[in-house]
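The block underneath contains the structure these notes are about, expressed in structure tokens.
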Amino acid sequence: MFNDFVRRYKSQYRITVIDLPGHGRSDNVEGGIGEWCDEIIKILPDNPILVGWSLGGLLAINIANTIRLSQLILLASSPKFVTSDDWNYGIDADNFRQFSATLSLNLAKGLKRFVSLQSKNKTQLKSLNQSIDALPATAMALNQGLNILLDCDFRQQFEQLKIPIRIILGQQDTLIPIHIAKWYERQNIPVTILASGHLPFLHPDFELRIIPFIKTNDTNSNKYP
1 MFNDFVRRYK
11 SQYRITVIDL
21 PGHGRSDNVE
31 GGIGEWCDEI
41 IKILPDNPIL
51 VGWSLGGLLA
61 INIANTIRLS
71 QLILLASSPK
81 FVTSDDWNYG
91 IDADNFRQFS
101 ATLSLNLAKG
111 LKRFVSLQSK
121 NKTQLKSLNQ
131 SIDALPATAM
141 ALNQGLNILL
151 DCDFRQQFEQ
161 LKIPIRIILG
171 QQDTLIPIHI
181 AKWYERQNIP
191 VTILASGHLP
201 FLHPDFELRI
211 IPFIKTNDTN
221 SNKYP
């Protein structure tokens, strides 16, 4: 999904694109988020800038509390995806379980339907659907990912982070309520809101928002000389 972005900036930055366990070219990994993060950490460079989208944002927060990062960028993500008595910035747990059950009946069809609601650009949709067909997630990984989204609460871990953080949200996102921006701002975290759904990296202004932040806070060596 980030192929165009990678092509444009791979000559300036060392970019490692990671398929989550059981997704794309990555093998299944037994266990939960801890085991998933352990596998990802094995292939990360030293002191990286870590970008996490959606479910990947939860993993990125967990990793940021495990190893040293230079920056953390979360795209359409949250430290807690479902609502609770003290958290109104997510999806109702019962609705999420229903969504999970529907998705698990036909993964490819469900993902394509979801993606179709996130963009009106036919070229983008065609490319995304081709990616889903070419490198589908396994049923095991799907169930693991849905359980991670349902169970994980990383609010405390997020609040303890002392590194530069940037949040990019989609105005029309149906999974991450836009009013979570208020919570992030109370943590003194800068938030960018783009006119998009759950795929803000498809917005034409995405690069204008992310690259200046990276350059401003770039103190590591993962940039080519």
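Numbered by UniProt numbering, the letters in the sequence shown go through residues 1 to 225 in order. By construction, the Cβ of each residue, glycine as well, lies at the ideal position given by its N, Cα and C atoms.
H179 sits exposed, since fewer than 16 C-beta atoms from the chains shown fall within 10 Å of its C-beta. It is roughly 39 Å from the alpha-carbon of K162 to the alpha-carbon of Q130.
Counting along the chain, I41 sits inside the alpha helix (DSSP H) bounded by residues 33-43. Between T123 and Q171, the alpha-carbon positions lie close to 21 Å from each other. Residue environment analysis places A93 among the exposed positions, since fewer than 16 neighbouring C-beta atoms fall within 10 angstroms of its C-beta. I193 has L169 as its beta-bridge partners, per DSSP.
Nearest to T66 by alpha-carbon distance, out of R97, G34, F206, is G34.
Counting of Cβ neighbours within 10 angstroms places K80 among the buried residues, the total reaching 16 or more. From the listed residues P204, Q71, D46, the smallest Cα separation to I189 is found for Q71.
Judged by DSSP secondary structure, V51 falls within the beta strand (DSSP E) whose first and last residues are 49-53. Between I132 and L169 a beta carbon distance of about 23 Å is seen, past the 8 Å cut, so the two are scored as non-contacting. Its Cα nearest to that of S54, the residue T174 stands out among I41, G32, T174. DSSP, read as helix, strand or coil, puts S84 in strand.
For L208, the secondary structure class from DSSP, reduced to helix, strand or coil, is helix. Under the criterion of beta carbons closer than 8 Å, A64 and L50 qualify as touching, at roughly 7 Å.
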